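S.K.:
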Amino acid sequence: MTDKDMRKMTNDQIDAAKADFDALDKQMREVGGDANDLTALLQDLKKYFASSFSPDSIKTSQPMIQKATAAAQEMLKDTDALRDSINKSKKKVKGTASGA
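At the far end of the sequence shown sits residue 101, using my numbering, and the numbering has no gaps.
Here is the structure:
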């Protein structure tokens, strides 16, 4: 977008663009947080299995594995929401969004 194009934007359009950016920024931070959580859980599992690997340790690790699975599912959900928001924003910018 050029400076000339930006000058043609109304205040409402500028406010909407800022709100869209803020929403995308928030979603990106959520995905980053999910990735950090998942990484920490996986590192904990790695340390746990490095210290002791037995049938009992596998049984004991089940809650950690479930937490890692839940964190991965949350990350996927947030990533899907981010992707959908980006696609919606692209359509809005291209002028193909309905009811924007």
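Every residue gets a Cβ at the ideal spot worked out from N, C-alpha and C, and that includes glycine.
From a predicted model like this one, the values you see are computed outputs, not experimental measurements.
(1) With burial defined as no fewer than 16 other Cβ atoms inside 10 Å of the residue's Cβ, what is the status of Leu77: buried or exposed?
(2) Buried or exposed for Val32, please, with buried defined as at least 16 other CB atoms from any protein chain shown within 10 angstroms of its CB.
(3) Tell me which residue opens and which closes the alpha helix (DSSP H) that Phe50 is part of.
(4) Please confirm if the stretch 27 to 42 is in contact with the stretch 73 to 90, defined as three or more CB-CB distances below 8 angstroms between the two stretches.
(5) Just to confirm before moving on: does the CB-CB distance between Ser86 and Gln28 stay below 7 angstroms?
(6) Just confirm the distance between the C-beta atoms of Ser62 and Leu46, as a whole number of angstroms; I'd bet it's less than 8 angstroms.
(7) Rounded to whole angstroms, what's the CA-CA distance from Asn12 to Thr40? Just pull it up for me.
(8) Within this structure, are the beta carbons of Asp21 and Ser90 separated by less than 7 angstroms?
M.R.: Here's the rundown:
(1) Its Cβ having fewer than 16 others within 10 Å, Leu77 is exposed.
(2) The residue is buried, with at least 16 neighbouring Cβ atoms inside 10 Å.
(3) Run containing Phe50: Asn12 to Ser52, per the alpha helix (DSSP H) assignment.
(4) As far as the Cβ criterion goes, the stretch 27 to 42 touches the stretch 73 to 90, which means the pair count is three or higher.
(5) Closer than 7 angstroms, so yes.
(6) About 6 angstroms separates the beta carbons of Ser62 and Leu46, which is inside the 8 angstroms limit, making them a contact pair.
(7) Cα-Cα distance, rounded: 42 angstroms.
(8) Yes, they are a contact pair.
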